[in-house]
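Just so it is clear: in the sequence shown, position 186 is 610 by this note's numbering, and no numbers are missing.
Below is one structure, written out as structure tokens; comments come after it.
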Amino acid sequence: MFVLRYSQLRRSGLMWWSKARYRVSLLAAACAWYSLYYRQLLGVYLRNLRLSRPGSLLGSLRIIRLIHRVRGYTAVLPPRLAALHRLSREIDIRSVPGDVVECGVYNGGSAALMAAICTQSPLKRNIWLFDSFEGLPNPTGRDGDKAQTCAWWCHGDLSKVRTIFQSLCVPESRVCIVKGWFQDTFPSAQIQDIALLHIDADWYESVKLCLEKFYDSVQPGGFIVIDDYGHWEGCRRATDEFLKERSLDVRLVRVDYTGRYFQKPLSPLT
Numbered sequence: 425m426f427v428l429r430y431s432q433l434r435r436s437g438l439m440w441w442s443k444a445r446y447r448v449s450l451l452a453a454a455c456a457w458y459s460l461y462y463r464q465l466l467g468v469y470l471r472n473l474r475l476s477r478p479g480s481l482l483g484s485l486r487i488i489r490l491i492h493r494v495r496g497y498t499a500v501l502p503p504r505l506a507a508l509h510r511l512s513r514e515i516d517i518r519s520v521p522g523d524v525v526e527c528g529v530y531n532g533g534s535a536a537l538m539a540a541i542c543t544q545s546p547l548k549r550n551i552w553l554f555d556s557f558e559g560l561p562n563p564t565g566r567d568g569d570k571a572q573t574c575a576w577w578c579h580g581d582l583s584k585v586r587t588i589f590q591s592l593c594v595p596e597s598r599v600c601i602v603k604g605w606f607q608d609t610f611p612s613a614q615i616q617d618i619a620l621l622h623i624d625a626d627w628y629e630s631v632k633l634c635l636e637k638f639y640d641s642v643q644p645g646g647f648i649v650i651d652d653y654g655h656w657e658g659c660r661r662a663t664d665e666f667l668k669e670r671s672l673d674v675r676l677v678r679v680d681y682t683g684r685y686f687q688k689p690l691s692p693l694t
């Protein structure tokens with residue numbers, strides 16, 4: 425009887441200790457993530473601050489305020505959000521015609537950030553959002569071993585997308601949300617001109633579909649942003665293959681360890 429009681433107590437103690445360690449590990453992971461987030465947010469502020477331009481103080485504060493407002497609706501970290509902010513401004517400065525398209529929306533944070541800027545554009549841009557809102561499709565062999573354990577990731581919530589867009593006062597009339605798998609929705613999508621294309625689709629087949637469907641609609645001088653180039657093998661492979669197949673001589677600009685973007689050449693030959 426004593427031995428049985430001791431065994432039960434020992435088992436209970438081990439279970440309690442395992443749960444405690446698990447909770448501590450979650451807390452440590454959360455602390456590490458927020459530490460990274462705020463360090464990167466500070467970096468965004470300092471990079472956009474120019475002592476020779478007094479107005480840059482307020483401008484930099486506006487950027488980090490907008491990034492901070494969308495933080496709970498995106499897995500994209502501040503450097504890449506700041507790049508999307510800058511490119512959304514750049515297409516106006518360059519008067520690049522066309523809409524903004526995002527493939528891979530998650531909970532809408534990065535799209536809302538671009539929309540908040542583009543709805544103020546004199547070019548009256550629309551925002552197109554493509555996502556299954558059912559998580560990621562299954563990766564294939566071209567995505568590498570690491571991808572096989574992450575197929576559950578990025579299950580977006582359409583109600584959260586609408587919440588953040590409403591919070592940033594983006595008119596519903598300017599937003600077109602297309603729900604479904606890319607291979608099902610892309611064939612009927614008709615977007616004549618695109619100024620900014622943001623691809624956050626992770627896997628080889630998804631990224632290749634996005635580039636093949638929308639690249640030709642991106643106007644010369646417009647931008648194509650690849651969120652997962654450095655992180656996912658399949659995304660990098662799809663991008664490199666597409667650029668090679670099209671003989672595109674472009675410079676992939678590094679944003680952080682994973683984010684890249686390039687500008688569509690002005691020459692009609694490319």
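Ideal Cβ positions, reconstructed from N, Cα and C, are used throughout, including at glycine.
Where residue i falls, given that 16 or more other Cβ within 10 Å makes a residue buried
i	result
Ile517	exposed
Glu558	exposed
His579	exposed
Ser691	exposed
Leu621	buried
Pro611	exposed
Leu485	exposed
Ser583	exposed
Asp555	buried
Cα-Cα separation, residue i to residue j
i	j	result
Asn531	Val585	5 Å
Phe666	Asn550	26 Å
Glu414	Ile588	Residue coverage of the chain in this structure runs from 425 to 694, which leaves residue 414 outside it and unanswerable.
Asp617	Ala540	19 Å
Asp626	Ser519	30 Å
Phe638	Ile615	8 Å
Ala536	Ile515	17 Å
Tyr653	Leu508	15 Å
Thr543	Leu592	10 Å
Arg510	Val594	18 Å
Ser512	Met538	6 Å
Ser545	Asp569	43 Å
Arg675	Asp624	19 Å
Ala613	Val525	11 Å
Lys632	Thr663	7 Å
Val677	His492	24 Å
Leu672	Thr498	31 Å
Glu669	Gln590	41 Å
Arg698	Ser641	Missing from the structure shown is residue 698; the chain here goes from 425 to 694 and no further.
Thr573	His655	14 Å
Ala506	Asp608	31 Å
Leu547	Cys527	22 Å
Helix, strand or coil at residue i according to DSSP, with G and I counted as helix
i	result
Glu596	helix
Asp523	strand
Gln544	coil
Val677	strand
Arg513	helix
Ala454	Note on Ala454: pLDDT 46, under 50, position unreliable in the model; no value is reported.
Ala507	helix
Arg684	strand
Asp372	The structure shown does not extend to residue 372, since the chain spans only 425 to 694, so no value can be given for it.
Leu501	coil
Leu553	strand
Gly533	helix
Arg486	helix
8 Å Cβ shell around residue i - same chain, five flanking residues per side excluded
i	result
Cys600	Asn550, Ile551, Trp552, Leu553
Gly646	Ile515, Val520, Gly522, Ile618, Ala619, Leu620, Leu621, Gln687, Lys688
Gln643	Val520, Pro521, Gly522, Asp617, Ile618, Ala619, Lys688
Asp581	Asn531, Phe557
Ala454	For Ala454, the predicted model reports a pLDDT of 46, less than 50, meaning its position is unreliable and no value from the coordinates is stated.
Leu635	Ile623, Ile648, Ala662, Thr663, Phe666
Thr564	Trp627, Tyr628, Glu629, Gly658
Own chain, CB closer than 7 Å to residue i, minus 5 neighbours either side, in chain order
i	result
Ser630	Pro561, Phe606
Arg661	Arg566, Tyr628
is_contact[residue i, chain D] using C-beta, thresh 9 Å
i	result
Ala539	Chain labels in this structure do not include chain D; a single protein chain is all it has.
Cutoff 6 Å; reference residue i; Cβ partners in own chain excluding five residues on either side
i	result
Lys603	Phe557
Ile650	Ile623, Thr663, Arg684
Proximity test, residue i beta-carbon vs the ligand COA heavy atom, cut-off 8 Å
i	result
Ser545	Because no ligand of any kind appears in the structure shown, any question about the ligand COA cannot be addressed here.
Ordered list of beta strand (DSSP E) runs contained in the segment 587-672, each at least 3 residues: 599-603, 618-623, 642-650
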